[in-house]
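Worksheet for the structure shown next.
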Amino acid sequence: MTGKKILKFGLLGTGWSLVLFLCFYLTRDGVQSWDLFEHYMHARWLFDWLGLEAFPSYFSPPNSVVKHYGPFWEVVLAFFSEFGFAFLREPAWVWNAMTLFSFPASLYLLFKWLKKAGIETFTALLSLSMLPAFIRLGGHALMNYKDFPAAMAYLLVIVFQYNWIKKESKSRRFSIPSLAILGAFSLLPALIRTSMFLQWLVSLCLPLIICYHQKIKTSWRHVLVPFLSGSFLIFLCFLPLYDEGLLQFLTAPFSFMHYQAAHHWPVQIFGTEYASEDLPFWYPFVWILVGFHPLLFLLTLAGLGFLTFRFRPKSLASWMLLFFILPVISIWVTKPILYNEERHILFLYPPLILGAGLALGEHLKETLKKGLIFLLIACSVYSYSFWTRYSYIYLSPLVGEQSVDRFNGDYWALSIPLVVRKTKDLLPANAPVFLRIAPTNVYIEADRLTNSLLHQEPGYQRLQWISSEDGLSPGQTYYKIEANKHDAQKQILKDIEAGKAKLIFKTDLPTGEPGGVLAQYTK
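Numbered continuously in numbering that gives the first Met the number 0, the sequence shown closes out at residue 522.
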């Protein structure tokens, strides 16, 4: 290896090490999500099945729905938390940091693949700089272990398939190993989030149809290869198959029609509630207005304008748009259970953004592209700095009144760890604390304050977490913690205003509304 290559690899390794350090720094304050318990235990269940010894944990076994989730990302994260960074004694922090790290890593890989697809450098950089300006996407990268990785995997698959088509078109014949790789890699989003299984089938058919249309030498055996390789990977990765059989396995938890079969919570949009399984037809589009930074919104519209009026069927931009349109149609037809705002359909928007960016970049001068890249990065950094851990509920100024009451509020209850951290200084030892919502967030934060290598607080004492007020004695003092999830904190605020409770501590959301609330009560 030459000195130049050694220097190049050294600089690259140093750069990525700094990015990883930054991801750990940005997630240091406990931004674990609502269902980390289940996903972490899912990974431990898989580790036990494989005969691997994982770090001792306080988590309970996963429920039946979680067992049917795609296991890929949980296993990746568990390897880092149980082996690579086990010395931190804080798996939740490692999961947050590594999920956030997957964002710049995916952007880097996408840049390489866009260049391979023949995209000009600054057109590629412009389209990629548009992705973080979807502020809710970056917000979910901070703590979402399912929807965000699946969204980025979906985008990677789309670009990979486009490059695959170009390669196969040149050779005019199918390569069996190449077809097997196509089938297996295209399954990646479903390996992360099983509800995207239908997307695998659709996305696999398209390149095969296009290649057939381009008169590539083929036979029915070639068509079967990618489906067989993907199916083999399913049997290899999804352990419930061994217990339940294929027919049982392909029921609700695995179907695209049921993102989460267990919950039918209503969805609140602009202050109006809709049934989660019967949303209006405009639902997939409204999040473009809500979650996109205004500059991104304008650039996306401009890019779509170029894409519509100067349509080139064989372009990567058109290919991207197709992978936005098809899932939208499938949502209209199947009416899946969608709740907690846009997170279940997060994968829809990156191909739309990237496609618009590629179409836009083809018609702009290099100087203008450089200026827009700078503006997009500056706007994104400012928005993330303002919304911080709550970027996943970012509300664009375009929606008018930015009240979280019009949507679902802090639906991951990320304000809870901030409240728990304050109990050390504000509550007496063994104080009974009533939890009605987000208990997992509380337990994770309590554990890190007790056991973490870097975040433990020597003076922190375990409190008496209670799930009911019935066992308390008359006149006994106790405490309540609530979060801005489905307006759960409003009752505490009403009690405080009426004199029935005393406010001990509260956090504020970027909109100025209360997030997590800690109050004192008397039985």
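In this text, a Cβ means the ideal position worked out from N, Cα and C, and glycines have one as well.
Since the structure is predicted, the reported quantities are computational estimates derived from the model, not experimental observations.
Secondary structure of residue i, DSSP reduced to three states
i, result
"isoleucine 328", "helix"
"phenylalanine 385", "helix"
"leucine 517", "strand"
"glutamine 490", "helix"
"leucine 363", "coil"
"proline 279", "coil"
"tyrosine 258", "Residue confidence for tyrosine 258 is low, a pLDDT of 49 falling below 50, so the modelled location carries little weight; the figure read from the coordinates is stated next. Reduced to three states, the DSSP call for tyrosine 258 is coil."
"glutamate 523", "With the chain represented from 0 up to 522, any question about residue 523 goes unanswered, as that position is not in the structure."
"glutamate 468", "coil"
"glutamine 160", "helix"
"glutamine 463", "strand"
"valine 432", "strand"
"isoleucine 415", "helix"
"tryptophan 310", "Note on identity: in this sequence residue 310 is phenylalanine, with tryptophan being the wrong assignment. Of the three classes helix, strand and coil, the one that applies to phenylalanine 310 here is coil, per DSSP."
"aspartate 507", "strand"
"tyrosine 410", "coil"
"valine 30", "coil"
"isoleucine 191", "helix"
"arginine 342", "helix"
"glutamine 475", "coil"
"threonine 271", "strand"
Close-in-space but distant-in-sequence residues of the same chain around residue i (CB under 8 Å, 5 per side omitted)
i, result
"tryptophan 112", "Leu155, Val158, Phe159 and Asn162"
"serine 472", "Lys522"
"phenylalanine 323", "Leu347, Tyr348, Pro350, Leu351 and Gly354"
"phenylalanine 255", "Here the model assigns phenylalanine 255 a pLDDT of 45, short of 50, so the residue's position is not dependable, and the following value carries that caveat. Cβ within range, chain order: Ser194, Met195, Phe196, Leu197, Gln198, Ser329, Thr333 and Pro335."
"aspartate 28", "Arg388, Pro416 and Leu417"
Beta-carbon proximity check, residue i vs residue j, cutoff 9 Å
i, j, result
"glycine 360", "phenylalanine 79", "no"
"serine 379", "alanine 132", "yes"
"leucine 357", "proline 326", "no"
"serine 467", "tryptophan 92", "no"
"valine 398", "asparagine 339", "no"
"isoleucine 233", "proline 206", "no"
"aspartate 344", "tryptophan 286", "According to the sequence provided, residue 344 is isoleucine. The question's aspartate does not apply to it. Contact: yes."
"proline 188", "tyrosine 211", "no"
"leucine 502", "alanine 518", "yes"
"leucine 136", "glycine 290", "yes"
"leucine 203", "glycine 229", "yes"
"leucine 25", "leucine 130", "no"
"threonine 506", "glutamine 401", "no"
"leucine 462", "alanine 430", "yes"
"leucine 294", "leucine 394", "no"
"alanine 487", "arginine 435", "yes"
"leucine 351", "leucine 278", "no"
"isoleucine 215", "proline 283", "no"
"glutamate 276", "proline 335", "yes"
"arginine 342", "histidine 67", "no"
"tyrosine 520", "isoleucine 134", "no"
Neighbour-count burial assignment, residue i, 16 or more Cβ in a 10 Å radius
i, result
"glutamine 31", "buried"
"isoleucine 443", "buried"
"histidine 263", "exposed"
"valine 516", "buried"
"alanine 316", "buried"
"lysine 484", "buried"
"valine 418", "buried"
"alanine 77", "buried"
"threonine 439", "buried"
"isoleucine 392", "buried"
Same chain only: Cβ atoms within 6 Å of residue i, ignoring 5 sequence neighbours per side
i, result
"alanine 355", "Thr299, Gly302 and Leu303"
"histidine 454", "Arg447"
"phenylalanine 58", "Note that phenylalanine 58 scores 47 on pLDDT, short of 50, meaning its location in the model is unreliable and no value can be drawn from it."
"leucine 353", "Ser126 and Met319"
"phenylalanine 71", "Leu190 and Ile191"
"arginine 388", "Val30 and Leu413"
"tryptophan 386", "Tyr393 and Pro509"
"serine 185", "Val156, Trp199, Ser202 and Leu203"
"phenylalanine 269", "Arg405"
beta-carbon residue i near the ligand SAM non-hydrogen atom, thresh 8 Å
i, result
"phenylalanine 147", "This structure lacks the ligand SAM; in fact it carries no ligand of any kind."
Test: residue i CB closer than 9 Å to a CB of chain B
i, result
"isoleucine 157", "The chain labelled as chain B is not found in the depicted structure, where only one protein chain is given."
Cβ neighbours of residue i in the same chain (closer than 7 Å, five flanking residues each side left out)
i, result
"histidine 362", "Phe305"
"valine 74", "Ala42 and Leu45"
"valine 222", "Leu207"
"glycine 458", "Lys423"
"leucine 523", "The structure shown does not extend to residue 523, since the chain is modelled only from 0 through 522, so no value can be given for it."
Using a Cβ distance threshold of 8 Å, determine whether the stretch 422-434 contacts the stretch 462-479, with at least three qualifying pairs required. Cβ pair count under 8 Å is three or more, so yes.
Given 8 Å as the limit, is there contact between the stretch 165-172 and the stretch 124-141, that is, 3 or more CB pairs closer than that? no
Check whether the stretch 489-505 and the stretch 362-377 are in contact - that is, three or more C-beta pairs closer than 8 Å. Here the stretch 489-505 does not lie against the stretch 362-377, with fewer than 3 beta-carbon pairs under 8 Å apart.
Decide if the stretch 170-189 is in contact with the stretch 102-110; the criterion is three or more beta carbon pairs, one per stretch, under 8 Å apart. no
Touching or not, the stretch 190-202 and the stretch 239-246, by the rule of three or more beta carbon pairs under 8 Å? Between the stretch 190-202 and the stretch 239-246 there are fewer than three C-beta pairs closer than 8 Å, too few to call the two in contact.
Just checking, does the stretch 505-515 make contact with the stretch 413-420 on the three C-beta pairs under 8 Å criterion? yes
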